[in-house]
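Participant:
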Amino acid sequence: MKVTVFGTGYVGLVQGAVLADVGHQVLCVDVDAAKVAALQAGQIPIHEPGLDKLVTSNHANGRLRFTTDAAEGVRHSEVIFLAVGTPPDEDGSADLQYVLAVARTIAEHMTGPRIVINKSTVPVGTADKVRDVIAQGLAARGASYGFDVVSNPEFLKEGAAVADCQRPDRIIIGTSNPASEARLRELYAPFNRNHDRIVVMDVRSAELTKYAANAMLATKISFMNEIANLAERLGANVEAVRRGIGSDPRIGYHFIYPGAGYGGSCFPKDVKALVRTAQDTGFEPLLLNAVEARNEAQRNVLFERISAFYGGQLQGKTIALWGLAFKPNTDDMREAPSRNLLEALWAAGARVQAYDPVAMKEAQRIYGERGDLVLVDNVDAAVQGADCLAIVTEWQIFRAPDFEQLAANLKDRMVFDGRNLYDPAQVASYGLGYVSIGRQP
Ligand code: UGA
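So for the sequence shown, this note's numbering puts the first residue at 193; every next one is plus one.
1) For residue 595 and residue 441, what's the separation of their Cα atoms in angstroms?
2) Indicate whether the contact test is met: 3 or more Cβ pairs, each with one atom in the region 467-485 and one in the region 543-554, closer than 8 Å.
3) Between residue 443 and chain D, is the shortest Cβ-Cβ distance under 8 Å, so that the two count as touching?
4) Between 566, 445, 252, 273, which lies nearest to residue 220 when the distance is taken from Cα to Cα?
5) For a test of your reading of the model: does the CB of residue 457 fall under 7 Å from any non-hydrogen atom of the ligand SAM? Yes or no.
6) May I ask you to list the residues that DSSP assigns as paired with residue 650?
7) Taking the DSSP output, what are the residues bridged to residue 307?
8) Excluding the five sequence neighbours on either side, which residues of its own chain have a C-beta within less than 6 Å of the C-beta of residue 424, listed in chain order?
9) Label residue 545 either buried or exposed according to how many other C-beta atoms from any shown protein chain fall within 10 Å of its C-beta, with 16 as the threshold for buried.
10) Could you tell me which of 587, 284, 392, 523 sits nearest to residue 556, measuring between CA atoms?
11) Taking DSSP as the reference, what is the three-state secondary structure of residue 581?
12) Taking the Cβ atom as the reference point for each residue, do residue 210 and residue 275 lie within a distance shorter than 8 Å?
13) Please state whether the Cβ-Cβ distance between residue 344 and residue 366 is less than 8 Å.
14) Give a yes or no on whether the C-beta atoms belonging to residue 376 and residue 342 are separated by under 8 Å.
15) Shorter than 7 Å, the distance from the beta carbon of residue 454 to the closest heavy atom of the ligand UGA, or not?
16) Span of the beta strand (DSSP E) holding residue 210?
17) Taking the runs of the alpha helix (DSSP H) that are 4 residues or longer, which of them lie wholly in the region 542-618?
18) Looking at C-alpha atoms only, which residue of 437, 203, 418 is the closest neighbour of residue 353?
19) Return yes when the Cβ of residue 310 is within less than 8 Å of the Cβ of residue 322, no when it is not.
20) Quick one: grab the DSSP three-state call for residue 220.
21) Closest to residue 227 by CA distance: which of 240, 199, 213, 443 is it?
22) Terminal residues of the continuous beta strand (DSSP E) containing residue 335?
23) What residues are listed by DSSP as bridge partners for residue 514?
24) What residues in its chain sit with their C-beta under 7 Å from that of residue 570, if we drop five residues either side in the sequence?
25) From residue 249 to residue 416, what does the alpha carbon distance come to, in whole angstroms?
26) According to the Cβ coordinates, are residue 301 and residue 327 closer than 8 Å?
27) Kindly indicate which residue of 334, 426, 373, 410 has the alpha-carbon position closest to the one of residue 394.
28) To the nearest angstrom, how far is it from the Cα of residue 475 to the Cα of residue 460?
29) Report the residue from 267, 414, 526, 360 whose alpha carbon sits nearest the alpha carbon of residue 389.
30) Do residue 413 and the ligand UGA come close, with the Cβ less than 7 Å from some heavy atom?
31) Residue 558 and residue 514 look like a contact to me (Cβ under 8 Å); what is the Cβ gap, rounded to whole Å?
32) Since I believe residue 450 is in contact with residue 491 (beta carbons under 8 Å), could you give me their beta-carbon distance rounded to a whole number of angstroms?
33) How would you label residue 615, buried or exposed, when you count the other beta carbons within 10 angstroms and need 16 or more for buried?
34) On the criterion of 16 or more Cβ atoms from any shown chain inside 10 Å, does residue 504 qualify as buried, or is it exposed?
35) In this structure, how does DSSP classify residue 366 when only helix, strand and coil are distinguished?
36) Give a yes or no on whether the C-beta atoms belonging to residue 623 and residue 592 are separated by under 8 Å.
Here's what the structure looks like:
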């Protein structure tokens, strides 16, 4: 089947490559000429396991192509994905300008019927807006082609995007049009083999499903972070509590790891956007507000611990930092808890020696050259001459450090762990002080 994908960001590029890999003819359109040129030259703009090979092999066999030519994109296929960005506005609501701009482009260049499939995370009601924009654009041209706007949200995780996209837990198809449903079933047939993962519903429910899924996961994390704070104050161990409650299948072990707060491009943005959507209807979402507030507070916890240890005197201290990405296996630092920590440490007058297996370039891009940030290229260099160590991302390489070396190198022999990577008794046996989340020192 021929498919067009507007937007070569995370969602669009992965989706395009995965569809091409099963045999569809995919044309990816992006307004960013430099990005398109790079993709044509086999350079992948994001770090994502398996994506490189998938993009280059399918580009080489001609099934995956890239262009800046929107008109060509609209002509290429009856099936058009919208996978452009929906960054948060100042008030937290999703900014739809890119989605609606593509809708106008589609109306301008349509030469026959189209199914417009929205993959971007967009507020409930966006499909209706896209529909209106296309209808107006067609009317302005005096054209009257049939079209449908379908909501088909994406649930991939960064760091596992290709695998998630190839083996989705569910495929949500939001449409009330049987012809669109049939077309999407055909498109997704290669991903729907052994049991039926397709859930068909009306378009607004599909749009809300995306937000509800992310908000539920964010709620689990904030809940556990709240329990971690309680555990510390009550002389309990949140890791024991986590195992204790996770064994109940109604609760489950997933997404109940306490830590330095959730980050990334999705949870913070989507929870805020859902709060806005709720408020726009006149409903105050008490639970979502609390999920967000807990997370904001949690992102400062590591800094507060470090600052308390030094009695608020961080001027001139050197902090080793392991981890910059918002989670392992990605170089993404959007809303990363590391940024709250870095910025708070700098504001307090400390210097940071940081290491991350892949996000160093990204940190450089965000912060540029500055005297109080030294980016080093391995775990040992980060702790050389540092006063203490802080850990914010649970990369594998941080899981079994040489504690003897740490004790020898860290002047104050302190480890502040925002991801509970170690057994406190083991760390203590090396003469190191250890502060983690929701456990006793
Ligand atoms: C999230 C969802 O997991 C995907 O299903 C969804 O498709 C995606 O957003 C999206 O909307 O595009 P992602 O942002 O890539 O995916 O990252 P997650 O793996 O969900 O992690 C999010 C944050 O939660 C990370 O900062 C992570 O460290 C934190 N987290 C996760 C915890 O603090 N505790 C946990 O138990 C799990």
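Ideal Cβ placement from N, Cα and C applies to all residues, glycine included.
Facilitator: Short version:
1) 36 Å
2) no
3) No chain D is present in this structure, which holds just one protein chain.
4) Ranking the options by Cα distance to residue 220, first place goes to 273.
5) Of the ligands this structure carries, namely the ligand UGA, none is the ligand SAM.
6) Past the edges of the chain, shown from 193 to 633, lies residue 650, and the structure says nothing about it.
7) 271, 340
8) Answer for residue 424: 630, listed in chain order.
9) buried
10) 523
11) strand
12) no
13) yes
14) yes
15) yes
16) Per DSSP, residue 210 belongs to no beta strand (DSSP E); it is in the alpha helix (DSSP H), 202-213.
17) 552-559, 571-575, 595-601
18) 203
19) yes
20) strand
21) 199
22) Counting along the chain, residue 335 falls outside any beta strand (DSSP E), and DSSP gives it neither H nor E.
23) Paired residue(s): 547, 583.
24) 547
25) 42 Å
26) no
27) Of 334, 426, 373, 410, the residue nearest in Cα terms is 373.
28) 20 Å
29) Taking only the C-alpha atoms, the option nearest residue 389 is 360.
30) In this structure, the ligand UGA has a non-hydrogen atom nearer than 7 Å to the beta-carbon of residue 413.
31) The pair is not a contact, with the Cβ atoms about 18 Å apart (cut-off 8 Å).
32) About 13 Å; that fails the 8 Å criterion.
33) Per the 10 Å Cβ criterion, exposed.
34) exposed
35) In this structure, residue 366 counts as strand in the three-state DSSP scheme.
36) no
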